[in-house]
Each structure stands twice: as structure tokens, then as C-alpha cells.
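Have a look at the structure below, then the notes.
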Amino acid sequence: MSVVGNTALQFSEEQAMLLDVARQFCQDKSPIANVRAQLDTETGFDAALWDEMVSLGWAGIALPESYGGSGMGIATLVPVVEAMGRAMLGTPLISSSLAAQLLLRSGNTEQKERLLPAIASGAPATLALLEDGDWGNEAVSLTLDDGGVLRGVKKYVPDATVASLFVVSVQHQGELALAVVRSDQLPANAMRANTLIDQTKRSANVDFSGVKVDENNVIKGADVGPALRDVRLLGALLVAAEATGSSAACLDTIVEYLKTRKQFGKLIGSYQALKHPTVDILTETDSARSFVYHGATLVGEDALDTDAEIACRMAKAQACQTLLYAGDRAVQFHGGMGFTYECDAQLYIRRAQWSQQQFGDAQHHRKRLASLLLD
Amino acid sequence: MSVVGNTALQFSEEQAMLLDVARQFCQDKSPIANVRAQLDTETGFDAALWDEMVSLGWAGIALPESYGGSGMGIATLVPVVEAMGRAMLGTPLISSSLAAQLLLRSGNTEQKERLLPAIASGAPATLALLEDGDWGNEAVSLTLDDGGVLRGVKKYVPDATVASLFVVSVQHQGELALAVVRSDQLPANAMRANTLIDQTKRSANVDFSGVKVDENNVIKGADVGPALRDVRLLGALLVAAEATGSSAACLDTIVEYLKTRKQFGKLIGSYQALKHPTVDILTETDSARSFVYHGATLVGEDALDTDAEIACRMAKAQACQTLLYAGDRAVQFHGGMGFTYECDAQLYIRRAQWSQQQFGDAQHHRKRLASLLLD
Amino acid sequence: MSTSEKELAEFRAEVGAWMKDNNPPDPGFLLPQTFMEVGDERQLEFLREWQHKVWAAGYLGMAWPKEYGGRGVDPVFQSIADQEMRRNRVPICFNVIGLGWAGPLINDIGTEQEKARYLKGILTAEDVWCQGFSEPEHGSDLGNAQTRAVRDGDEYIINGQKIWTTMGNFAKYMILLARTNPDAPRKYDGLSFFLSPMQLPGIETRPIRKITGEFGFTETFFTDARIPAGCLMGEEGQGWKIAMQTLQYERGAASGAAGGQAMVRVTVDDMIDQLEGVNRDGEPVLKDPVVRDQLVQAIMEEKAMILGDRRARVAALTTDYPGSLQLSNKLRLTELTRRMRQLAINLQGAEGALYVGDDEARQGGFWQRAYFNSFSATIGGGTSQVQANIVAEHILGLPK
Amino acid sequence: MSTSEKELAEFRAEVGAWMKDNNPPDPGFLLPQTFMEVGDERQLEFLREWQHKVWAAGYLGMAWPKEYGGRGVDPVFQSIADQEMRRNRVPICFNVIGLGWAGPLINDIGTEQEKARYLKGILTAEDVWCQGFSEPEHGSDLGNAQTRAVRDGDEYIINGQKIWTTMGNFAKYMILLARTNPDAPRKYDGLSFFLSPMQLPGIETRPIRKITGEFGFTETFFTDARIPAGCLMGEEGQGWKIAMQTLQYERGAASGAAGGQAMVRVTVDDMIDQLEGVNRDGEPVLKDPVVRDQLVQAIMEEKAMILGDRRARVAALTTDYPGSLQLSNKLRLTELTRRMRQLAINLQGAEGALYVGDDEARQGGFWQRAYFNSFSATIGGGTSQVQANIVAEHILGLPK
């Protein structure tokens, strides 16, 4: 067996149509000026725009029809997220979709029937997983006691301030479990918003202590661990898709500048010192995109198999390194202009840092890939 | 304490003079045509030239006067070796000097008085240490039994075919020891010459089985381990010095070509795709040279302290990576010409592979540096 | 001609089985991985025999007309045969300039006489072909070729020098780019294209010793060499156009090439396999975390190339910079290959300093030689630096 | 004036002790690491007070004449004071254009009147200076400056636009490069140099928001601004020469600068220290073998720079490409700094996504901001790409 393994890459008419629609939507509805207008807002996105996206069905695109979704799977969410990444459009779509996937993959029918339709119809949800900055640390210390009361803090919870629902990983009776918390259950001051390097994104530390969770909002059993693992991988894939869109936009920004800016009497794009690294950004972005759609090909509703795991990890490792490089070079190649807040290069370099740190950085995934591929 | 630590770098008048003399000597006596004339010979060097070097005192330059040397220490050997590296001049100087250092640092007075003067007056000696390709494996399985008989093979013994004396690391009565073997003690067919990627270098696998070692040619005791460790570090430093000379010569070769070769109507040196990597070779070679002379500043006759160990390891890690890059780029930048045996780029790319693999590669040393610097 | 899936699958099984059964045993010397590495008569004879055998079995030139030695079937069969050759890691079909360049060209635009004269000998490996495009002073700049061809009655008199002629010393014919009109306003319009014999007075070859130590190329000197006027292909002044057309066939059987495996693919699997038994710090080198990180990066690079091929076929996923995956392919693959082979040696430890000819050299020194040979691809056919310019200008639209 | 080793050692002890005792406590907001990062009044006032204190203690402008606020001692004392400032990591002396550019220039070639008028205010930090060389359309190409200065009686009328004016909004004076003769045959000969007031009608500054989110530079607009003719330094047409001379002082007290620490050095030690408590896979990140390998490489790069400074002083070890270590210094140091800061954030794990303003951001978001600010050095004063050209052409002698 070749270490390169599965190399499937399929893209349906449906996906192609969605990619096209989503790119057009983002281009029309969220030009970069609108993105900038959201940088200082509390939520980071335009609620009316979110409603439009919901009405297009995107909030439930990956959910089965039986729970109010479109039943098209993660594979169709990927092009939408890529298109949003390209437009640098911040919304709760990724966190909401991941929370829904976690419920879908671990909850019982009653829970899914009760909770998923709301998400599909646009009530944002989110995941609360991390307790420190270490994605490689899967230990959970936030507890759900026998009386159903939570104690502990989750960090960097994405889109926490707008989420109506939190799916929280907890320690319960010595086992890993999930607790579903409604935002109205949170005590005042439970949330401390993070100041993020990527101003298009929002997250918060959330103190769940004292929240009483109804029995029907607790998810336990053998499915929880695998579901969590899968959702972390899907998170890696979606962030990779988004980052790949951002890399592509960043590349466009660089190319545009290199074609118009002159120095020493020549268009700067004619200098190989700028030209060749820009080619590197192109080829690395090409690689990222190939991994992302390879991943989209392999992830389905079932538990992710090893090929899918490899694909998600590779997508994340490649996409985030690429954006890190693209963002850094975008600032440099714009010269003095690149050093200003006004220049869009800042959006990409900031997004790069954020993306790298979601669901484990490149090295985190390469370490796990080594075990999957070499042992 | 800063992790950067000791930054001493001194260079005496004596060293400066030697560097100058050695560079001039190599330039006059060993132009590249002479180097090429030795590529296919059995010994890899011109015996008459070696005699001249011996008459200049270089074989004993680092040995105390009491043993027939000049008493100037390793610090003065470094510029000589660098100059030889620059000229790609192959001789047994490095292996002979290291064998002498090992005797000097572990032998008793009788042994030193008996063995060192011969080395200082030009009878080549060498070290036989490796039993496989792993420099990180310090276990020794070649045995010296109670009857004084050796059993086992050493690999990649440098300059074995011309060495009159071998200093062999052995397992003796459960302890690490050294055995001194004269070439006339070796049975017929004990030696199998290696075919090396660097055709200016020579080594052989040597089967010492059956050789009877006189008691006075055995070195045991607590000094053996530290002496071996130090000599491996000195070996790393000397190979680094040599590789740095080769990198500098490689850089000259590239610069010369970039200044004279035209493509598409322009001197190729005006293309940034060639120009900027050449600057990288310059700055990396500058770094290598700084580490090498920092190392030369810190190594003396005494056991090497931690600062000296750090210096030797950094010199090796930097110098060999630099030459690896320089040699590779030299071939590429010479275009079709670089792909020919006739072009000197091949000498450097081959030397690079050889140097990298002597006394541990860059990663080997960085791993040890991590322990020295970060723990 | 439409062909059923079933028929194709059966053919694949058939050819696969044949390759497996007929894959020759290790000849005891290192075989060339590419046709550019054929360094001596021993290798040549081995490969000539192998190519003839493949052809005789019906697995070469399958899409070429029957009357010229082909089988006249759909090119898809040849593509399958080529895949099976690669998969079974059989030796290369070494007559690459004939099979992949001259042959398809003659098939496309040659006269009946030319087809009858040249095609079959290409397939049987009887007639080795070489290519005379590059000249010493104009490495990457073909349009500037200066070798002169002057019409003199029924002949052209050729003067000049070609370089990097692969198998120039073994070849019977050369596809030759020469200047018939030095005064043409556009330099490209002064060039003509010839199917030139090599065994004539005034044509001499001098072997070039490669960085590997072997002989793989020649310089070719033309000194008042007289070739028949009929060797001219097309008309005078069409040389550049024909040369550019020739370069199109490289993409394989679907473009008209005879097929056959031109190069033994060396993969990251091979690179990892060769580390079997190599230790670092007393442990298998594959257990070293830093090495593992490097290997994963190499695997990812290779996998990204393969996935890129797949994605290139999905129109909706190639709208950004169309052609980017195809046009950057040479740059990426050749650079990856070079770096991977350098890494392969580095990871061997002290053994990495051994070379071809040492009994203990890992896999006979395969990786050392392969690393050196990899430069033929990062330099030949446009250096990586030139390739990066091409991608920048043609795909990204950056200024020259 | 010769000074004994003993005297110098005593002075070093004295100034070191003073810095230690007077190093101000954490003001509760992130202080600028360079003068280019002074973003608000709060920072400005803090730094103004600090610089004044250093001067009042006698540790700034030590080599400048007593009559203009200096101490008139050997520059070696200032160098020692500067070293102690760095070593004790006190805040910067922020009035850098005054202390390091305008001041030494006025000292060297200014009139008595100019010296009396300007020098002391530079040292006391009363008069903030800024620099007006760069223009929007000619980033790295100073010789092409287009801002016009037209003599009109006792005045010059200035029109044009400068950019990247550090502290332009706080400055009292600007060193200004403007074109007095647009018809000069060589563009350089049309430039003149002015010591221009900033608080005049027709001079407006517009703050530029930096990538960090802070304000650090301004654009400066001249619209028929009238400055006294006496602001001309030297003669018309000498602007380029004087500007080039100004750039020479950057190298510190020995070259005539007033001294003072212009930049808080951030070292690889700091980078490693900040990882205290960061975990990766449940273990301290410093235990991760791949991270360790990266950190050792960063340490080596920094150490190589320092050893390079040492080696640059050994004539016999700098014969190959003389000046190479000095001329490549900016390129190497700024690029190392950028990469090291990027790595610093990467190694923080999920915390790396926090920024200045988040209570939990590691070291207040120092590294995130420092990474962004590092581009001011890889872009300003000639981009790294231009620096590489300079090294290639001036040191290696490669063609333009």
C-alpha cells in the first residue's frame, strides 16, 4: 500500500452550483468595505446578512432533511465556507455547523429532533471544548455533577456572544460527556469576550459554573468520544476550507498590487524576488485547495475513517501554513502600504494567525499524520 | 544567563599568519586541476604535497612541542583545515590530527612519547570508531579480549589505506577502551575501500579481527570516554572548518559564473532568482565561519567545557547545512554546465554530502544542542 | 470507437499480468530511471531488448497505424498499458525522442514516405532517435538557435553545434532545429526543422560526462555536414512552429505519443522504504520525531501533486487561475523530486557518504545517483527559475 | 583623550546602577519597542519624561559639546551608557530622528546659530524631530523625491507630500528633502535639505493607522507652506549629499549620534521565556522535539549575528568579501526578527490568536504586536528585497 493512500477527489454538480452561488453571494453582499465595517462591532457580522444566508439554507445544509436541513452533507458546506473565507466574511456558520454535527453524531433521536431544527433555521450554536491553549490536551476538567450542575470554564468559545446553544464537553461520573446549555441559562458575567488578533472573528471565555443542565440535555455513552474526535477533524477541515479561500483572496490582492505598483521605474511584479514567492503562494494554495476538496470527498455522515482523518489533517496542515506564508508576504510585498491598517494585507495576516490556532496547528496535525502514515 | 551564552571570538597573529600561508600554499600547490587529478587515485592525495605540508609543520601543529609538535593547539589547525577545504585538497591531515588528539587526551606519557612524534613528523594515523552508519550510537561491539586479540569491524575509517596507525575504540573487560594498531599488524584483506560520493576523500571498512594488541598499546581508564567525546567534537569542528572553506570556494565559483554567463541577453547574475539565493549562501557561509572561529577560540588542550561543546556542535550544524545548500545551488545555477562532471559544482555538491555525514549531521547536533541550551 | 468499461478492465488485467510475468530480473547493474541516464552499451542493449519485447507483445505504439508497426486501437489502451508499466515498475521504454517526439510528429504531419521510413524502427527500438534543439550559448533560449542550414542543390549543408543531445552517440536520427534564414525579421521565422541522419561525414558527437560520473549526453558538432534536402520537414521557416508542436506530445498517448514508460517513477514510498534498518541514536530513524515531521511534509507534497491532477479535471474547481495546476506541474514535481532525493541521502546517516560502486551503498547508491540526476529535470526543459517566470507571467499575469 | 580601562569600568558600574535604580515600573500599558511605535500621547509623555531624566542624569548626548547640552566627553562613554540601557532593558530614548540623525548632522555641518537653536531641545526631548524623506510614489527610491521647494524672497514655498513621517503629529521640526531644481540634469542634483518647522500654516499631518491598529506614522502634506529661507541647510543642490551623510549616523555614538537606546532589543531568550507554561500535547512545549529543533535554529541565527559582529573586527577573517558582515546586517537581523516573532506566536497554541487588549494574551499580546511591527524594519529603510540587491551588487559584485 502506498503511503500516499486514498486520492479520491469528487465534486458534484450540486457542490459546483453551491460554490458558484456562495462566491457570487459573498461578492455581492459582503465586499471588503462591509467586512471592515464589522471589525469593531460586538458580534462581528451583519445579522441581516446572516438571515439571508439562513434563508438560502446554509445553516442546515449539512443536516439531514429529517432535522430541518438540506441533507447535502459536509461536502456541500465546504465550498460555502471556502467562499466565505475568500470574502473574509465572518458569521457563526462554522461554529454553528460543528455544534450541529456534534449533536447529530452523538445525541439521541429526541435530542436531535428537539435541537437541530432550530440550528438549521438559523439560531446560532457553538462548541465549548478548550480549557487551555493546548489542542493536544484532550482532558476535560469541567464537571457535570450528579445533580446536573456544571462547574468550570471553557476558553476561546467561538461566537459565544451570539450563540443560543452551547455544546459543552464535560466530565460526568468519570466519563466524557456532553452538556447542552442554552444561552439564557448562563449567569450574568459568565462570558468574557476575547480580544482576537483576527478582528473578523469573535470568541469568549465562558464560565459555566452553576448552570443546571436538564437530564435530556446531557449526552453520554460510547458515541461521545468518537463524535468529538470527528467533529474536531471536521473543524480542522472547515477552517482549512475557509483559510484556503482567504489564501486565494490574499493571492489576488498581491497579484493586483504587483501588476500596478511601480518602483525604480518598473512594475514591481517584474522583480523575481516578488514574482517567485507569489508563484509559491499560488502553488501552495493549489495544494491546500486539493486537500480541502479531497477531504470534502471523504467525509460523510458516518464516523470518519482513517482516510478521512488523514485528509482532514493534511488539509488543515497545508491550508494554515499556506495562509501564514501568504499573509506574511502580502504585508511585505505591499511595502509601506502593507504596514497600514488600511491595506487589506492586514486582514489576511491576522486571519492566518487565527486559523493556524483553530483545531490544532500544522505541527499538531503532522505529528498525528506521522503516526497514521509511518507506524 | 542568556541562551546565546559565550560569544568569544579571538584570532591571534599566529593564526592569521597560518591562514594566510595555508591559503597561499593551497592556491599555489593545489589548483583545482591537481585536485581533479587525484579523484581516481588510490590514496586521493599527492604524497609529495603531503611531505611539503609536513615540512611546514602542519601534521604536528596542534601537538605539544614535547611530542614533536609546534604546541599551537587546535586553534591554529582550524585555519589550515579551512584553507584546505577551500582548495578541496584531500590529505590525511584531519584524521591524523584527530587520532593524535585522542592519544594526547587519553594515553599515558610512555604512549604519547612513543606514538605522537611519528604522527607529528608525517606518518598518517586515523581513528576507527563507527560500526554502523549511526553517529548517535556510541555503543562499541568490537572487542579486545583478555588475550589482547581484537574481534570486529570498523566502518568508514577515514584514510585507512594510508594510515600507519589506527586508534580503535574497543570493548575491553566490559569497559570502553582504545587499542592502537599498526597497519603492519592488519591481516591481508582486512581492508575494503569504500566508494565515496566525495571523490576527494578516502575511507575503508577495516576488519581488525585477529590482530593481537600489545599491552602497551591499550588505553583504558576513566579518561577514555571523555577523550573520545572531545575528539568527536573536535572532529565536528574540523569538518565544519573544512566545509566552510568549501562553501566559500563554492560561492566564488557561483559568483564568477553569474558575472559572466548570459541568458536571454542578460548576465544571469542580474536575475534576482539567482542573485538572492547567492546572497543567502554568502550570509550562511559568514555564519558558518563565525561559528568555526568561535569554536577555535574555545577549544584548548584541556577537556572541552560546555561552551566549547556548544560551539563545536553549532559550527558543524551550520557549516554542513550551508555547504549542502551551496553545493545544490551551484549545480542548479550553472544550468546545463552544472550537470556535467567537468563543472566544479560537482566537487562541492559531493563534498557537501560527505561533510554532512561526518561526526553527526546537522540534526544530530541540534538535538544535542537542545539539551544543552533548553533543559 | 467506443470501448466498454469491461473491455478496458480485461485489457488492464491482461497487460498487467504480462508485465508482471515479463518484468526482467535485476541485471546486476543499476538501470536508468530516465532515458537521459543511458550511459553505456550494456544499459542500451538491455533496454533495446526490453522495448522490442514490449512492442512485440503489442503494448507499444498501440494507437499508431497498423501499417507502420502500430495496432491502430484507441489511445486509451496505450494509456492503460503505460499505467501498468509504471505500476509494475518495469524498465523504461528508452527510445523516448522517437516514441514521444519525432514519431507522433511524423504521424501527424509527415509524408507517407516519412511514415514508412521512420515509424516502425522507432517502435522496435532498432532506430534510436535524438534531439538537437539546445545550443551551448542559448541554454533556455531555443528561439535563438544559431546552427546554420544552407541549401545547396539537393542537400543542406549544416554547420554548428548542439548540446545535451541525449543518446547522441547511439542515435541513428536527430530531430534538428537549424537556421535557414539568418536575416528573417523575427528570429523565430528563420528556423527550419529536419529529420537528420546522424551517421554522416561532418557529424561528430562528443560524450558529456555527467555529474553522476556516467556518460549520458553528447555534444554534437556539425562541420559542413551534408544532409539530403528531403530531410527538411514541412517548409523552410516553419521550424519554430514544428518544434513547438513537438513539445506538445510530451503529455502521452492521448496526444499522439507512442506510449511506453519514459521514466521510472520514484515515490516517497520508495524513499521511506529505503530507510529500513537505518538507525539514528540507536533507534529506527523512522521513530525520530523531527525526521517524521520532514517525511510527513514530503508525503503531503507528493499527495498534493496527485490530488492536483485529480482536481485539474474538475472544471468548477479550476476557475481561479485556469491552467495553474498543469503549468506549474513541471516546476513542482521536479523541485519536489530534487528535495526528496537530497533528504533521502541525508537520512541514511554515515552510509549517505557512499556511492554507486560500493557494495554496502544503500540500494546500490540509487539515491545518491538519483539526487544528482534530478538536476537534469530542474535544469533541462527550462530551469526551475524560468519555469517560475512562466507560471508567474502566463497564469498570474505578472509583468515580464 | 585616552581613558583607562579602570575609569571605563567604573563608569559602566555607575551608569548600570543608575539604570537599575531608575528603570521605571510597568506603566500598565505596552510601551513602544521602537520610536516608530509611539502611538498616543500617553506613551509620548511617558517617554519624554524618561528621556529627559536620562539626559538630566548626564547619560545622553555625552559626546556633544557642553555648550549645547552635552558633556563633551569621549564617545566611548556614551557607547557604554547605551549598552547599559540595553542590558537593563530600560525604555527607549524616543527622540531618535533628533538624537541620531538631525542632531549629529547639525553638530557636524551646522552653523553656530543652528547648533544653539536646535541641539539642546533634542537632548531634553522638548523638541521632537521627524524626518521627511519618503514620498508615496517612491517608497525605496529617495533620489526621485518630488516635493517642491521654490525660493521666494526670504522664504521657500513648499508643496508636496511626505509619508511614513514617524511622530509627524508630535514633531516640532522635520529634516526635509525637497526638490529646488526640477531641471537638474542628474535628479540627485536638484534636491536640497531643510530643517523645517512643522507648526506652520500649509503643513498638515494625517495620522496613518498601522497594521497593529495603533497610530505610529503620519502623512505630511505641504500646501504652499512658507518656511524661512534660513531653514536651508548647506546650499541648494546639496540635499542628496546631506541626506546620505545623515544616514551614516545611524551606527551610534561613535559616528556622532547623541546615543540613547533607540530600540528595545528582543532576543531569542525572551522568545523562549514567554513559552513558560505553554503546553503542547499536555507537555511543556519546550519538551517537544520538533519545537526544540526550531528553537535551536533560532538561537543559532541570533548567536551567528553576534559572533559576526565579533568577527567583523578581526581583519584577517574578513578578507573574502570585505564589508559583507556589516552590509548584510540589516537584512539578516530584520528578517530573523520577523521570523522569530512569527514563530513565537505559533508556539503559543490557541492563545496565539489573542491580541493586545485581552487580559489573558501572553505578555499582553507583546509578540503579536511585535510581529506586526517587525515589518517596519523589513520594509522601511529599503525593503529586504532591495537590501539583498545591495549586498549582491556591492559585496558580491553581481550585475544590477
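Residue numbers (the numbering used here), protein chains in the order written: chain L, 1 to 375; chain W, 1001 to 1375; chain S, 2001 to 2400; chain F, 3001 to 3400. Quick reminder that beta carbons are idealized off the backbone N, C-alpha and C, glycines included.
CA-to-CA distance, residue j to residue i, given in whole angstroms
i	j	result
T2147 of chain S	R3339 of chain F	50 Å
C3093 of chain F	T1322 of chain W	39 Å
S1106 of chain W	L1039 of chain W	35 Å
M2001 of chain S	T2111 of chain S	In this prediction, M2001 of chain S has a pLDDT of 45, which is less than 50 and means its spatial position is unreliable; nothing more can be read from the coordinates.
L3295 of chain F	S1002 of chain W	14 Å
L238 of chain L	L9 of chain L	16 Å
V2054 of chain S	F2011 of chain S	15 Å
I977 of chain W	S1247 of chain W	Nothing can be reported for residue 977 of chain W, as the shown portion of chain W is limited to 1001 through 1375.
A3056 of chain F	P3024 of chain F	15 Å
E2014 of chain S	F2215 of chain S	37 Å
V1955 of chain S	G2160 of chain S	Only positions 2001 to 2400 of chain S appear in this structure, which leaves residue 1955 of chain S out of reach.
A22 of chain L	R86 of chain L	10 Å
Contacts of residue i in chain L (Cβ-Cβ under 8 Å)
i	result
Q2297 of chain S	R366
T3378 of chain F	Q332
Status (buried if at least 16 other CB within 10 Å, exposed otherwise) for residue i
i	result
R3362 of chain F	buried
L2247 of chain S	exposed
K3400 of chain F	exposed
S97 of chain L	buried
G3132 of chain F	buried
Under 7 Å from the C-beta of residue i: neighbouring residues of chain F
i	result
L196 of chain L	A3353, L3354, Y3355
Residues that residue i contacts on chain W, provided the C-beta gap is smaller than 9 Å
i	result
T3267 of chain F	S1002, V1003, V1004
P3228 of chain F	Correct list: empty, because the minimum Cβ distance to chain W is about 45 Å.
Where residue i meets chain L, residues with beta-carbon distance less than 9 Å
i	result
W3164 of chain F	G336, F339
Chain W contact residues for residue i, given Cβ-Cβ distances below 7 Å
i	result
A370 of chain L	None at all; the shortest Cβ gap to chain W is about 16 Å.
Neighbour list for residue i in chain L, Cβ cutoff strictly below 7 Å
i	result
R2310 of chain S	T7, L9
Interface residues of chain S facing residue i [CB-CB closer than 9 Å]
i	result
Y1156 of chain W	A2350, E2351, A2353, L2354
Neighbour list for residue i in chain W, Cβ cutoff strictly below 8 Å
i	result
A362 of chain L	Going along chain W, no residue has its Cβ under 8 Å from A362 of chain L, so there is no contact; the nearest lies around 19 Å.
A2388 of chain S	A1273
T2383 of chain S	Q1332, G1335
Chain F residues whose Cβ lies nearer than 9 Å to that of residue i
i	result
E342 of chain L	I3208, R3209
key: Members of the region 2083-2103 of chain S near chain W, C-beta cut-off 7 Å   = none
message = When you compare the region 2142-2160 of chain S with the region 2218-2235 of chain S, are there three or more beta-carbon pairs, one atom per stretch, that lie closer than 8 Å?
response = yes
task = Below 9 Å between beta carbons is the criterion; list the residues of the region 2270-2293 of chain S that meet it against any residue of chain W, in chain order.
result = V2278, N2279, R2280, D2281, G2282, E2283, V2285, D2288, V2290, V2291
query = Does the count of Cβ pairs from the region 1081-1093 of chain W and the region 1031-1044 of chain W closer than 8 Å reach three?
reply = yes
request  = Compile a chain-ordered list of the residues in the region 2327-2349 of chain S whose CB is closer than 7 Å to at least one CB of chain W.
outcome  = Q2342, I2345, N2346, Q2348, G2349
query = Looking at C-beta atoms only, is the number of pairs between the region 139-155 of chain L and the region 248-261 of chain L that lie closer than 8 Å three or more?
reply = no
inquiry  = With three or more beta-carbon pairs closer than 8 Å as the criterion, would you say the region 1011-1018 of chain W touches the region 271-284 of chain L?
reply    = no
message = Closer than 8 Å is the cut-off here; do at least three beta carbon pairs connect the region 3072-3088 of chain F with the region 3273-3281 of chain F?
response = no
inquiry  = With a threshold of 8 Å, are at least 3 pairs of Cβ atoms found where one atom belongs to the region 194-205 of chain L and the other to the region 158-175 of chain L?
reply    = yes
inquiry  = Does the structure place the region 3024-3044 of chain F close enough to the region 3194-3205 of chain F that three or more beta carbon pairs sit under 8 Å?
reply    = no
message = Under 7 Å, CB to CB, which of the residues in the region 295-314 of chain L have a partner in chain S?
response = M314
message = Count Cβ pairs between the region 197-206 of chain L and the region 3349-3364 of chain F that sit closer than 8 Å; are there 3 or more?
response = yes
request  = Please determine if the region 2187-2195 of chain S and the region 2172-2179 of chain S are in contact, where contact requires at least 3 C-beta pairs separated by less than 8 Å.
outcome  = yes
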